[in-house]
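Notes follow the structure.
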Amino acid sequence: MAINQNNFRTASMKKGFTLVELAIVIIIVGLIIGGILAGQNLLNNAERQKVVKEFQKYNNAMSSFKQQYNALPGDMANATTYWTGLDSWHNGDGDGYIEGFDGECLYVPVLLNTSELLNEKINLSTGGYVLPSKIKGTRFFVCSTSADWDTENGYSGIASGYSIYDKTGNYLSLAPFESSDYNGPLAAETAIYIDQKIDDGKASSGNMVAIRGFNSSVAGYQASGCITGSGAGFAASNTEGTISYDLSSKVRACRLIFWLHHLD
């Protein structure tokens, strides 16, 4: 039986084209996946840079306030002497701690607004008494952990008498916007990037530390993610330098604490 050479060549060509087309499809899919991953990395880096810039902005405003008025916003005992439009409750007790129980944490944005030390006005009527962040669902606030705290409260999600890695004092923190939920807004890989940019890159030492968020639904701190070890960063055994970032976890469990000890 004679073989039709034309049919053989046509079948071979069809088979060859199919393999070439398959290779092209694989290349295109690879390029698409690579583009998606590259785009995600760009978005992640942009988010990290935003946090760094926002921290620097608020830290500079706090420092300028202390230099000009020799007091801390929220804790300032004679705020109404400088700004007559404020109410008496905007005066703090002047003890050097910006306390949550006394409401001083809430008045930090008011005083920074009034003193015009930020480049933009904070819309307190829509944003609440917090410092806004461009990271979706988060905000900054200034508070303290100190010996004279009374109770765990919604202003910070940190309980009475606690130190953070054996330290107390005023701090600037990045946390979720919702007042009832203090789960950490960032994963460990994002937190360590920020830490390396502005501090020592270690979760439990230096001027920036990371703690696990507070989960209101279970009335406790997140059980895992962000950092190694047990607890959220407050246990007596969790002293400075004993806890590391848990880079194996992708869970958003990190709350960032930027110490303001330079303002003491």
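So in our numbering, spot 8 of the sequence shown is number 3, and the numbers just go up one at a time.
Using N, Cα and C, we set each Cβ at its ideal position, and we do this for glycine too.
Predicted model only: the values in this text are computed from it and were never measured.
Spatial distance of residue i from residue j (CA atoms)
i, j, result
"F209", "S128", "19 angstroms"
"K131", "Y53", "18 angstroms"
"R247", "E115", "29 angstroms"
"G87", "L242", "40 angstroms"
"D97", "E111", "24 angstroms"
"Y240", "A198", "6 angstroms"
"Y102", "G69", "5 angstroms"
"I23", "L14", "14 angstroms"
"G236", "P104", "32 angstroms"
"G25", "A18", "11 angstroms"
"T75", "Q63", "15 angstroms"
Simplified DSSP assignment, three categories, for residue i
i, result
"L106", "helix"
"K162", "strand"
"D199", "Correcting the residue type first, residue 199 is Ser in the shown sequence and not Asp. Residue state, collapsed to three classes: coil."
"V20", "helix"
"P53", "One detail in the question is off: residue 53 reads as Tyr in this sequence, not Pro. In the structure shown, Y53 sits in a helix (DSSP, three-state: H, G or I)."
"N40", "helix"
Residues near residue i by beta carbon distance below 6 angstroms, same chain, minus five either side
i, result
"Y77", "none"
"N165", "I93, S139, L255"
"Y188", "R43"
Residues bridged to residue i [DSSP beta-bridge criterion]
i, result
"V137", "L167"
"V204", "I252"
"I222", "Y240"
"P127", "R134"
Enclosing alpha helix (DSSP H) for residue i [first to last residue]
i, result
"A183", "183 to 193"
"Y77", "74 to 77"
Contacting residues, own chain, Cβ-Cβ under 8 angstroms from residue i (five flanking each side not counted)
i, result
"S244", "A182, A183, S219, G220, C221"
"L258", "M57, S58, K61, L67, N165"
"S168", "F135, F136, V137, C138, S151, R250, L251, I252, F253"
Cut-off 7 angstroms between Cβ atoms - residues of its own chain near residue i, not counting five sequence neighbours on either side
i, result
"E99", "G69, D70, G87, I93"
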